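Read the structure below first, then the notes.
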Amino acid sequence: MDSILERNSNKIHCNNSGKDVLLPCHLSPERSAADAKEIRWFKESFNNLVYLHKSGKVTEGRGYEGRVSLFPQELQRGNVSLLLRNVRLTDGGKYKCQVSFSDWFEEPALQLTVRREYKLQLL
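For the sequence shown, position 122 matches number 122 in full-length UniProt numbering, and the numbering has no gaps at all.
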């Protein structure tokens with residue numbers, strides 16, 4: 001992965017398209033996400049689905065098929081971070097992670113910036 005997370009902020013910079021980036025999200029206070037009704041990642045607006053984990057079934061949003069995943073072994077620890085593979089310039093934007101339980105939900109947001117890598121050739 002070639003990404004930079006600015007500590008104490010919600011900004012991630014990915015300097016190369018084509019790389020993988022981790023969009024971090026942890027429940028606080030720590031609570032198992034394994035029994036959540038729904039774990040939803042979306043970009044910009046609620047209707048722009050990136051990833052949905054609901055009742056044990058996974059749905060990947062259009063354009064994200066085969067490029068997004070959670071870490072199932074980490075759900076018990078409240079880790080609902082999303083791995084976004086093969087990042088594209090069009091992936092840049094504001095992402096939100098929503099975790100819903102029957103009595104509670106959390107919805108933190110973060111900003112992903114994707115920059116094109118330029119290489120110089122000496123002649």
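Quick reminder that beta carbons are idealized off the backbone N, C-alpha and C, glycines included.
Just so we're clear, the structure is a prediction, and the values are computed from it rather than from any experiment.
Using CA coordinates, which residue listed in the options is at the minimum distance from residue i?
i, options, result
"Leu75", "Thr59, Lys19, Ile12, Arg31", "Arg31"
"Asp35", "Gly56, Arg62, Leu52", "Gly56"
"residue 126", "His53, Asn48, Asp103", "Coverage of the chain is limited to positions 1 through 123, which leaves residue 126 absent and any answer about it impossible."
"Leu112", "Asp103, Arg88, Gln98, Ser102", "Arg88"
Just how far apart, CA to CA, sit residue i and residue j?
i, j, result
"Gly66", "Ser100", "24 angstroms"
"Ala33", "Asn79", "7 angstroms"
"Phe42", "Leu27", "17 angstroms"
"Ser45", "Gly92", "14 angstroms"
"Ser102", "Lys37", "7 angstroms"
"Asn48", "Val58", "15 angstroms"
"Gln98", "Val50", "11 angstroms"
"Arg62", "Val68", "11 angstroms"
"Lys19", "Arg77", "26 angstroms"
"Tyr95", "Ile12", "11 angstroms"
"Val114", "Glu60", "21 angstroms"
"Phe71", "Thr90", "24 angstroms"
"Pro29", "Gln73", "18 angstroms"
| task | Mind the definition here: the region 76-84 touches the region 18-27 only if three or more C-beta pairs lie below 8 angstroms; say whether that holds. | result | By the C-beta criterion, the region 76-84 is judged to be in contact with the region 18-27, since at least 3 inter-stretch pairs fall below 8 angstroms.
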